[in-house]
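Student: To start, I am sharing the structure in question, which I have written as structure tokens.
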Amino acid sequence: MPTDNPTGGPADGSTSGDAPRIVFQDVVKKFGDTVVLNGLNFTVAKGERVTLIGPSGSGKTTILRLLMTLEHLTGGYIYVDGDPLTFEERNGKRVERKPKDVARVRRRIGMVFQQFNLFPNMNVLENITEAPIHVLGRSKDEAEARARELLEQVGLGDKADAHPTQLSGGQQQRVAIARALAMDPEILLLDEVTSALDPELVGEVLGVLREVAKNTDITMLIVTHEMQFAQEVSNRVLMFDHGRIIEEAAPDVMFSNPTEPRTREFLQAVL
Amino acid sequence: MDFFESLLDAWPQLWSGIQITLQLSLGGAALAFVIAVALGLSSISEIGVVRGVSRVLVEFFRGTSLVVQLFWLFFVLPQLGFRLESMAAGIVALGLNYGAYGAEVVRGSLNAVPKAQWEGTTALSMPWVTKMRRIIWPQAWALMLPGLNNLMVMLVKGTALALLIFLHDLTFVVDELRRTEGTYFAFGVGFALYYLISLGFSTVLRMLERRAQRKLGLAPTKAQTAQATAGAVA
């Protein structure tokens, strides 16, 4: 059981080719006095697609935000390909890593947000090329060629010069997906990416993500209420409640025949 | 006409006063802007000491009188071995004082850029300089311009204090004219000229503001306006 096996993030911090893509080891997250995650352990293999489900406030989004370093890790460790992300164990002590080291590991991770978070001071193409040029040091031509390719993939080949405000929510979210992919992430975090969309726009975004799942081997962590989509795309589903994994299973098992009463109750409410 | 003859006669004097006032305004504004940006950025630094120092400087220069600052720079500093020209002292005092106010405008605008935008930059692993220069600042810029515009107009009027350190600025000249041309004329012209100078600066800043908003897609672009007009005509 992966939940029982927090190893794979070697304590000496050495990178191993066989290390799991993501390891959460004894992860604790508190907001003030509120404990959101209390000693969470789980592992995600390379190329795996894992969907996190559970009632709101169960800590799913916090997990993605911790990986993206948008939240401070209160306790424990997170490893990416065996490399500690924000904290490491050195001589038996828990030490915060230098921003430079954090940045190096974080660069392997991309995220798509519920509210798209496109940059309003740039057009669509610039939104996508900005980070490849200024973070990865790619040439403008190279970055633009790749961006146009990605825009074709998400079905927005004709919108390169548009301003984000001229696009529908679904189109904006597809640009956000292209923007994340332009950084060639090894891990893609999808945080309720269709929750802010009008129902008729959900399909186009999920369609794009299905293609990404099919055509790449990017590891994905997905928080969603779209159970149909979760079932199609993911290899494994983790059911969260009160910051703990209460059940994990392959999607067809989880959605048709969950073991835990709490899971059954939750799925009945959302399906 | 009497009035215009007097104005023509007085113009060389007035013009020299206007030049001093403009020098103080532009110099003071340039310095104030640099200080505002530096202190504003420091005030949101992740390093506590930097934040603290910025806080103290802002409070000090905002909370003490501009006149007293001016006197310190012009009368006290020479006794400590630093002699500043009148013009330099005027520019430094205006820069420090309005820079401290401006720092609050800058800080407020940076904080007003939605958290989602900051998180977007983190998710793309942007280093601080890229994040600030390319994403956060352009958005904050549109937000801070109205506040900076306000301060600019106040700074222009604040330059009048320079006559206290013997600069022959517009206020000084107007006061001279009072003796030769009478109060109505002198102060009437004074009113009008300060107003026109302020108007000039605030018009330029308004243009910058509109341009910044257009870049954020908040105001219609020229192309969109043209399109809309074309649609209306058709």
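So the protein lines, in turn, are chains D and A. Add 98 to a position in the first sequence, counting from 1, and you land on the number used in our numbering. Add 1 to a position in the second sequence, counting from 1, and you land on the number used in our numbering. Virtual Cβ for every residue (Gly too), placed ideally from N, Cα, C.
Could you pull the start and end residues of the alpha helix (DSSP H) that Lys128 (chain D) belongs to?
Tutor: Within the first sequence, numbered from 1, the residue matching residue 128 (chain D) stands at position 30. Note, Lys128 (chain D): premise wrong, no alpha helix (DSSP H); beta strand (DSSP E) at Ile120 to Phe129.
Student: Just to confirm before moving on: does the CB-CB distance between Ala11 (chain A) and Leu178 (chain A) stay below 7 Å?
Tutor: Reading the second sequence from its first residue, position 10 is the one you call residue 11 (chain A). Reading the second sequence from its first residue, position 177 is the one you call residue 178 (chain A). Their beta carbons are under 7 Å apart, which means Ala11 (chain A) touches Leu178 (chain A) by this criterion.
Student: Rounded to whole angstroms, what is the Cα-Cα separation between Ala233 (chain A) and Gly218 (chain A)?
Tutor: Within the second sequence, residue 233 (chain A) is the residue found at index 232, counting from 1. Within the second sequence, residue 218 (chain A) is the residue found at index 217, counting from 1. Confidence in Ala233 (chain A) is poor, its pLDDT being 47 and thus under 50, which makes the residue's placement too unreliable to answer from.
Student: Less than 8 Å between the CB atoms is what I'm expecting for Phe338 (chain D) and Leu162 (chain D), so what's the real figure, rounded?
Tutor: Along the first sequence, one-based indexing puts residue 338 (chain D) at 240. Along the first sequence, one-based indexing puts residue 162 (chain D) at 64. Between Leu162 (chain D) and Phe338 (chain D) the Cβ distance is about 12 Å, and since that is not below 8 Å, they are no contact.
Student: Taking contact to mean at least 3 C-beta pairs separated by less than 8 Å, is the region 344-364 of chain D in contact with the region 165-180 of chain D?
Tutor: no
Student: Should Gly100 (chain A) and Ala161 (chain A) be called a contact, given that it needs their Cβ atoms to be closer than 7 Å?
Tutor: As a first step, residue 100 (chain A) is located in the second sequence; it is residue number 99 there, counting from the start. As a first step, residue 161 (chain A) is located in the second sequence; it is residue number 160 there, counting from the start. No; because the gap between Cβ atoms is not below 7 Å, this pair is not in contact.
Student: If we ignore side chains and look at the alpha-carbon of each, how far apart do Leu168 (chain A) and Leu156 (chain A) end up?
Tutor: In the second sequence, counting from the first residue as 1, residue 168 (chain A) sits at position 167. In the second sequence, counting from the first residue as 1, residue 156 (chain A) sits at position 155. Whole-angstrom Cα-Cα distance: 16 Å.
Student: Whose C-alpha, out of A:Ala39, A:Ser126 and A:Arg212, is nearest the C-alpha of Gln140 (chain A)?
Tutor: As a first step, residue 140 (chain A) is located in the second sequence; it is residue number 139 there, counting from the start. Considering only alpha carbons, the answer is A:Arg212.
Student: Mind checking who Thr263 (chain D) pairs with in its DSSP beta bridge?
Tutor: For the purposes of this step, residue 263 (chain D) is taken as the residue at position 165 of the first sequence. The partner list for Thr263 (chain D) (beta bridge, DSSP) is empty, contrary to what the question assumes.
Student: Take Val210 (chain D) as the anchor and find which of D:Lys191, D:Gly145, D:Leu307 and D:Lys127 has the nearest alpha-carbon.
Tutor: As a first step, residue 210 (chain D) must be located in the first sequence, where it is residue number 112. It is D:Leu307 whose Cα lies nearest to the Cα of Val210 (chain D).
Student: Mind pulling the chain D residues with CB within less than 8 Å of Ala33 (chain A)?
Tutor: By 1-based counting over the second sequence, the position of residue 33 (chain A) is 32. By Cβ distance, chain D contributes nothing, its closest Cβ being about 25 Å from Ala33 (chain A), past 8 Å.
Student: Indicate the three-state DSSP secondary structure (helix, strand or coil) for Leu183 (chain D) in the structure shown.
Tutor: As a working note, residue 183 (chain D) is residue 85 in the first sequence. Coil.
Student: Any C-beta of chain A within less than 8 Å: which residues of the region 257-285 of chain D qualify?
Tutor: From the region 257-285 of chain D, only His261, Pro262, Thr263, Gln264, Arg277, Ala278 and Met281 have a Cβ closer than 8 Å to chain A.
Student: Out of curiosity, what's the CA-to-CA distance linking Ser203 (chain A) and Met153 (chain A)?
Tutor: Reading the second sequence from its first residue, position 202 is the one you call residue 203 (chain A). Reading the second sequence from its first residue, position 152 is the one you call residue 153 (chain A). Distance between the alpha carbons of Ser203 (chain A) and Met153 (chain A): 7 Å.
Student: With 7 Å as the threshold, decide whether the Cβ of Phe432 (chain D) is near any Cβ in chain A.
Tutor: Because residue 432 (chain D) is not part of the residues shown, which for chain D are 99 to 369, the question remains open.
Student: Using the Cα positions of Lys137 (chain A) and Ala278 (chain D), report the straight-line distance between them to the nearest angstrom.
Tutor: The residue given as residue 137 (chain A) occupies position 136 in the second sequence. The residue given as residue 278 (chain D) occupies position 180 in the first sequence. First, the residue type needs correcting, since residue 137 (chain A) is Ile and not Lys in the sequence shown. Each residue's Cα considered, the two are about 19 Å apart.
Student: Can you round the beta-carbon distance between Leu168 (chain D) and Val125 (chain D) to whole angstroms, since I take them to be within the 8 Å contact cut?
Tutor: Reading the first sequence from its first residue, position 70 is the one you call residue 168 (chain D). Reading the first sequence from its first residue, position 27 is the one you call residue 125 (chain D). Rounded, the Cβ-Cβ distance is 15 Å, inconsistent with contact.
Student: Put Arg244 (chain D) into one of helix, strand or coil per three-state DSSP.
Tutor: Taking the first sequence and counting its residues from 1, the one referred to as residue 244 (chain D) is at position 146. Three-state DSSP puts Arg244 (chain D) in a helix.
Student: Does DSSP classify Gly18 (chain A) as helix, strand or coil?
Tutor: Position 17 of the second sequence, counting from 1, holds the residue named residue 18 (chain A). If DSSP states are grouped into helix, strand and coil, Gly18 (chain A) belongs with the helices.
Student: Would you call the CB atoms of Gln213 (chain D) and Ala124 (chain A) closer than 7 Å?
Tutor: Here residue 213 (chain D) is taken as the residue at index 115 of the first sequence, counted from 1. Here residue 124 (chain A) is taken as the residue at index 123 of the second sequence, counted from 1. It is not a contact, given that the beta carbons lie outside the stated cut-off.
Student: For a contact meaning CB atoms closer than 7 Å, what does His232 (chain D) contact in chain A?
Tutor: To locate residue 232 (chain D), count along the first sequence from 1; it is residue 134. One finds Met127, Thr131 and Arg135 in chain A with Cβ atoms closer than 7 Å to the Cβ of His232 (chain D), taken in chain order.
Student: Kindly say whether Ala241 (chain D), judged by its beta-carbon, lies nearer than 7 Å to any beta-carbon of chain A.
Tutor: For the purposes of this step, residue 241 (chain D) is identified with residue 143 of the first sequence, where counting begins at 1. Not one chain A Cβ lies under 7 Å of Ala241 (chain D).
Student: Is it a yes or a no for the region 215-229 of chain D touching the region 297-304 of chain D, going by three-plus beta-carbon pairs under 8 Å?
Tutor: no
Student: Can you give me the C-alpha to C-alpha distance between Phe5 (chain A) and Arg56 (chain A), rounded to a whole angstrom?
Tutor: Counted from its first residue, the second sequence places residue 5 (chain A) at position 4. Counted from its first residue, the second sequence places residue 56 (chain A) at position 55. Answer to the nearest angstrom: the Cα atoms are 51 Å apart.
Student: Mind the definition here: the region 22-36 of chain A touches the region 86-93 of chain A only if three or more C-beta pairs lie below 8 Å; say whether that holds.
Tutor: With a cut-off of 8 Å, the region 86-93 of chain A and the region 22-36 of chain A count as touching, because enough Cβ pairs lie within range.
Student: What does a CB cutoff of less than 6 Å around Ala187 (chain A) pick up in its chain, not counting 5 residues either side in sequence?
Tutor: Counting from 1 along the second sequence, the entry for residue 187 (chain A) is found at position 186. Around Ala187 (chain A): Val175, Leu178 and Arg179.
Student: Go ahead and pull the three-state DSSP assignment for Ile161 (chain D).
Tutor: Reading the first sequence from its first residue, position 63 is the one you call residue 161 (chain D). Here Ile161 (chain D) sits in helix by DSSP.
Student: Taking only three categories from DSSP, how would you classify Asp350 (chain D)?
Tutor: Against the first sequence, residue 350 (chain D) aligns to sequence position 252. Helix, per DSSP.
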